[in-house]
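Visitor: Sequential numbering from 61 applies to the sequence shown in the numbering used here. Glycine included, every Cβ here is placed at the ideal spot set by N, Cα and C. Source: prediction; values computed, not measured. Supplied in structure tokens, the structure appears directly below.
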Amino acid sequence: MITIIIKISLLLALLVASHSLYALEATFNLNLNTVAVTASAIIVLVLCYMLTVIYKLKRSRYQLMLSEQRLKSTVEGSGDTLWDWKIKTGKVLRINDKYLMDSILSTEFPPNKSLIHPSDITQVEYLLKKHFAQQTPFFEATYRIKDHFGGWLWVLDRGKIIEKDTNLSPLRMTGTVRDISQLKLTEERLNLFAKCVESLTDALAIYDKNFKLVDINPSFLTLFGGVREQYLKKDFNLPGYDKSYINTIKKTVYQRDSLQQEVKLRNSAHVLLPIEISIDEIRNDQNQITNYVVVYSDLTERKKAESQLHNLSNRDRTTNLPNRNLFFTDLQKLGQLNSHHALLVFDLDNFKKINDSLGHQLGDSLLAKLAIRLNKLTRENDVFYRLGGDEFALVMSDTNDIYTITRTAKQFLAAIATPFKMAGHELAITSSVGIVLFPEDGNTPELLLKNADTAMYHAKKKGNSYLFFNDTMNREAVKRLQIENLMRFGLKENHFAVYYQPKMNIHTGKLVGMEALVRFITPKKGIISPGVFIPIAEETGQIIEIGEVVLNKACRDVKEWLDAGLFNGRVAVNLSAKQFSLPDLTTRIDVILQKNALPSYFLELEITEGTVMDDPKDAIAIMCSLSARGIHLAMDDFGTGYSSLAYLKQFPLNTLKVDKAFIDDMKNERGRNMVDSIVTIAHNLDLHVVAEGVEQASQIEILKQLNCETVQGYYYSKPLSKDEFTEFLKLQHNKSVPSLISPIKKVAVTN
61 MITIIIKISL
71 LLALLVASHS
81 LYALEATFNL
91 NLNTVAVTAS
101 AIIVLVLCYM
111 LTVIYKLKRS
121 RYQLMLSEQR
131 LKSTVEGSGD
141 TLWDWKIKTG
151 KVLRINDKYL
161 MDSILSTEFP
171 PNKSLIHPSD
181 ITQVEYLLKK
191 HFAQQTPFFE
201 ATYRIKDHFG
211 GWLWVLDRGK
221 IIEKDTNLSP
231 LRMTGTVRDI
241 SQLKLTEERL
251 NLFAKCVESL
261 TDALAIYDKN
271 FKLVDINPSF
281 LTLFGGVREQ
291 YLKKDFNLPG
301 YDKSYINTIK
311 KTVYQRDSLQ
321 QEVKLRNSAH
331 VLLPIEISID
341 EIRNDQNQIT
351 NYVVVYSDLT
361 ERKKAESQLH
371 NLSNRDRTTN
381 LPNRNLFFTD
391 LQKLGQLNSH
401 HALLVFDLDN
411 FKKINDSLGH
421 QLGDSLLAKL
431 AIRLNKLTRE
441 NDVFYRLGGD
451 EFALVMSDTN
461 DIYTITRTAK
471 QFLAAIATPF
481 KMAGHELAIT
491 SSVGIVLFPE
501 DGNTPELLLK
511 NADTAMYHAK
521 KKGNSYLFFN
531 DTMNREAVKR
541 LQIENLMRFG
551 LKENHFAVYY
561 QPKMNIHTGK
571 LVGMEALVRF
581 ITPKKGIISP
591 GVFIPIAEET
601 GQIIEIGEVV
611 LNKACRDVKE
621 WLDAGLFNGR
631 VAVNLSAKQF
641 SLPDLTTRID
651 VILQKNALPS
661 YFLELEITEG
671 TVMDDPKDAI
681 AIMCSLSARG
691 IHLAMDDFGT
701 GYSSLAYLKQ
711 FPLNTLKVDK
721 AFIDDMKNER
731 GRNMVDSIVT
741 IAHNLDLHVV
751 AEGVEQASQI
761 EILKQLNCET
771 VQGYYYSKPL
781 SKDEFTEFLK
791 LQHNKSVPSL
801 ISPIKKVAVT
811 N
């Protein structure tokens, strides 16, 4: 461009010079040489002028380029987006477009409308129209804009119309867009803090670095009364306290940066209140103290709560007796005095039935009445405690006299057994008592209580009695604990196995089913009898997990035998009382059946008579739910409990099992008549009968005469492991019906 300008300038200069030369020569008839010299001078002057113009033009262009670069750098450095909007054409030019609003030609109003948050569009349009109508000197709006990740950013958009047509209609507008997301977050955070301070229930005051009041929150006025202006610019003080105390507080704050102090101050009603003041210093970025914040917390309610908590922590709410916490404290003090004393621990027998049948409210009322009755029997130095639930304790100080202790125990047992008349009911309860002596049976509260619980546990076996602790009980308690630990480890290491005892048709001698029996086989202790570990498992709740292990393994094994074509009957699995009371029992059984792909038809659950009679109505609902799934139900140990025939006919049972005790008693006429009655009842209720514990051929003959269909016992086979039972099934499958004279166990059982 410059080169073209130079060439044009030179050409013009030559033309001007030539024209001037001819003009001079013609006009003044000058000498040509003189004219030539003059022309040359003119040309030089023109060239110099033109060069000067060109230099200024280049310098201006260079300055413009530098200015553009500075502007671009400034915009980029500021992080702002610069925009230039040709309003009529809709053309938009953007510099440093970090929001990717890359629409060069837009018919939207405003141009980036599609990126603005829907909730903000109306406000932006309103502000823009106000500027177009010359109601504002410039356009300024804060709104949310979508970023390239689909999120929303807060921006400040500022601009101004810089060009109008003759009708004063806007033609061009420029401005900037700035990201203010961080500022917005900070603003929201400050607003939140301000609202928090204003809504604090505690009074709050802000002082400057010289401890002159700057501001207070509404709760300050609520607590102390007055108006805000009367407190501002006043020195920090605590009415009722002298200046030296205030100076001590300030000095402490200077040294420690903060302070907490409980004082007594009068509120707006002039009532003296316990107030906790908390003072904290505020520092700026240069670590200089700028303010102090003082919080005044009314401790009145807290003091009341602490008093109530103190009572609650030491008194039982239901009976108003000293509680377990105070029991340990008092027993610890007695131990430190090293004086003889006795501890009697009472546990009410079957109290849960009262709660379950009559409700916890009546149960609590009964405990309160019992506490009043028993507390009257204590000596002056004795203390009666409620340890929790239906467990109580009596601490008899300064005595180890056995006669005095046993007489007291008998008095308490008699008082407990005396019926209570409540809500139209006459409630009779009994108790079991464990007794220990200090220091003979333990030298710590924990050991004494443990040994008393052990003695009480043994007393429960006798019922409504007391027992003194002895070493034999301790050995049994240790053994019981060992069994618990072995079961816990056995569940983890898969030491529980399932054995199967066949159920045989009494007439054909064919296998019709089997009962799954749990065996606890430990690596070091060998087989632990079910009679030993099952009662403990019932008490600890471990029977639930053991029962599920047995059910799962039995379903798995039966499925294998079904698939192999070796078996087509039902497996009977015992359901413990703990399992039966589970709220999700049916769901648990469904999960195990589905897991092993075993149809419910092949499962029979055996439930003891005592389990269903604890709560017959609930039992019927649970049994109906199981029966609806196609699961067969059998009542185990029938005749050993207290079944009501009225309930028995309502139970959705399929099978009745006659207990081994009745089978063993069939050698006399009375025993035989008992079994006959049970079989008759079962048949009248359309139930299948299984006699368990059959060991002799004579028992088989009697049961056949009594029309019992199925027998189970050592006469045919002892319980067999999975592998042994598989061989038993194979023999049953491959051979003809065996003679009853030659029991199957002689040819089928191998160890």
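Look up residue 318 in the DSSP assignment and give the residues it is bridged to.
Guide: According to DSSP, residue 318 bridges with 340.
Visitor: Using three-state DSSP, classify residue 496 as helix, strand or coil.
Guide: In the structure shown, residue 496 sits in a strand (DSSP, three-state: E or B).
Visitor: Got a sec? Which residues, its chain only, sit under 6 Å from residue 241 by beta carbon, not counting five neighbours each side?
Guide: Only 213 and 214 meet the Cβ criterion.
Visitor: Give the secondary structure of residue 287 by DSSP, where H, G and I count as helix, E and B as strand, and everything else as coil.
Guide: Here residue 287 sits in coil by DSSP.
Visitor: In chain order, which continuous runs of the beta strand (DSSP E) of length 3 or greater are located wholly inside the segment 164-212?
Guide: Qualifying beta strand (DSSP E) stretches, in chain order: 199-206.
Visitor: Need the endpoints of the alpha helix (DSSP H) that residue 505 sits in, please.
Guide: Taken as a continuous stretch (DSSP letters only), the alpha helix (DSSP H) holding residue 505 covers 505-522.
Visitor: Going along the chain, which residues of its own chain have a beta-carbon closer than 6 Å to the beta-carbon of residue 614, five neighbours each way excluded?
Guide: Same-chain partners within the cutoff: 558, 576, 631 and 633.
Visitor: When burial is assigned at 16 or more other CB atoms within 10 Å of the CB, is residue 108 buried or exposed?
Guide: Residue 108 comes out exposed.
Visitor: Check the DSSP bridge columns for residue 276 and list the partner residues they point to.
Guide: 265, per the DSSP bridge assignment.
Visitor: By the 10 Å Cβ neighbour count, where 16 or more other Cβ atoms means buried, how is residue 517 classified, buried or exposed?
Guide: The residue in question, residue 517, is buried, as its Cβ has 16 or more Cβ neighbours within 10 Å.
Visitor: Just to confirm the assignment, what range does the beta strand (DSSP E) spanning residue 397 have?
Guide: No beta strand (DSSP E) holds residue 397; the alpha helix (DSSP H) holding it covers 384-397.
Visitor: Between the Cα of residue 440 and the Cα atoms of 454, 727 and 142, which residue gives the shortest distance?
Guide: Comparing Cα positions, the closest option is 454.
Visitor: For the alpha helix (DSSP H) containing residue 785, list its first residue and its last residue.
Guide: It spans 782-794 - the alpha helix (DSSP H) in which residue 785 sits, taken as one unbroken run.
Visitor: For residue 440, which residues does DSSP report across the bridge?
Guide: Paired residue(s): none; residue 440 is not in a bridge.
Visitor: What is the rounded straight-line gap between the Cα of residue 402 and the Cα of residue 442?
Guide: If I take the Cα positions, the gap works out to 10 Å.
Visitor: Looking only at C-alpha atoms, which of 510, 585, 546 and 202 sits nearest to residue 597?
Guide: Answer by Cα proximity: 546.
Visitor: Check whether the Cβ atoms of residue 424 and residue 451 sit closer than 7 Å, and answer yes or no.
Guide: No, they are not a contact pair.
Visitor: Just grab the DSSP bridge partners of residue 561 for me.
Guide: 575.
Visitor: Would you identify the three-state DSSP class for residue 232, choosing helix, strand or coil?
Guide: Looking at residue 232 - three-state DSSP - the assignment turns out to be strand.
Visitor: Output needed for residue 206: all residues of its chain with C-beta closer than 7 Å, excluding positions within five of it in sequence on either side, in chain order.
Guide: These residues qualify, in order along the chain: 175 and 212.
Visitor: List, from N- to C-terminal side, the beta strand (DSSP E) runs of 3 residues or more that fit wholly inside the segment 654-690.
Guide: The qualifying runs are 663-668.
Visitor: CB residue 686 to CB residue 714, shorter than 7 Å?
Guide: No, the pair does not count as a contact, with Cβ atoms beyond the cut-off.
Visitor: Alpha carbons only, please: which of 642, 143, 287 and 779 is nearest the one belonging to residue 232?
Guide: Here the closest residue by C-alpha is 143.
Visitor: Per DSSP, which residues does residue 407 bridge with? Please list them.
Guide: 451 and 492.
Visitor: Whose C-beta lies closer than 6 Å to the C-beta of residue 336 among residues of the same chain, with five residues either side of it excluded?
Guide: Here the set comprises 322, 357 and 359.
Visitor: Would you decide whether residue 111 is buried or exposed? Buried here means 16 or more other CB atoms lie within 10 Å of its CB.
Guide: With fewer than 16 other Cβ atoms within 10 Å, it is exposed.
Visitor: What's the gap between the Cα of residue 680 and the Cα of residue 672?
Guide: Straight-line Cα distance between these residues: approximately 8 Å.
Visitor: With distances taken Cα to Cα, identify the nearest neighbour of residue 568 among 666, 618, 792 and 586.
Guide: Selected option, being the one with the closest Cα: 792.
Visitor: Taking just the CA atoms, how far does residue 250 sit from residue 235?
Guide: Each residue's Cα considered, the two are about 29 Å apart.
Visitor: To the nearest angstrom, how far is it from the Cα of residue 716 to the Cα of residue 484?
Guide: The alpha-carbon atoms of residue 716 and residue 484 are separated by roughly 38 Å.
Visitor: Pull up the DSSP beta-bridge partners for residue 114, would you.
Guide: Partner(s): none; residue 114 has no beta bridge.
Visitor: Near residue 260, what residues of its chain come up, given a Cβ to Cβ distance below 7 Å and the 5 sequence neighbours on each side ignored?
Guide: Closer than 7 Å at Cβ, skipping near neighbours: 277 and 279.
Visitor: Name the two residues that bound the continuous beta strand (DSSP E) containing residue 567.
Guide: That residue, residue 567, is in no beta strand (DSSP E); it is neither H nor E in DSSP.
Visitor: So, under 8 Å CB-CB, residue 317 and residue 341 are touching, yes? Tell me the CB distance rounded to an integer number of Å.
Guide: Correct: roughly 5 Å between the Cβ atoms.
Visitor: Candidates 500, 432, 482 and 478: which alpha carbon is nearest residue 461's?
Guide: Nearest of 500, 432, 482 and 478 to residue 461, Cα basis: 500.
Visitor: So what does DSSP say about residue 301, is it helix, strand or coil?
Guide: Residue 301: coil per DSSP, three-state reduction.
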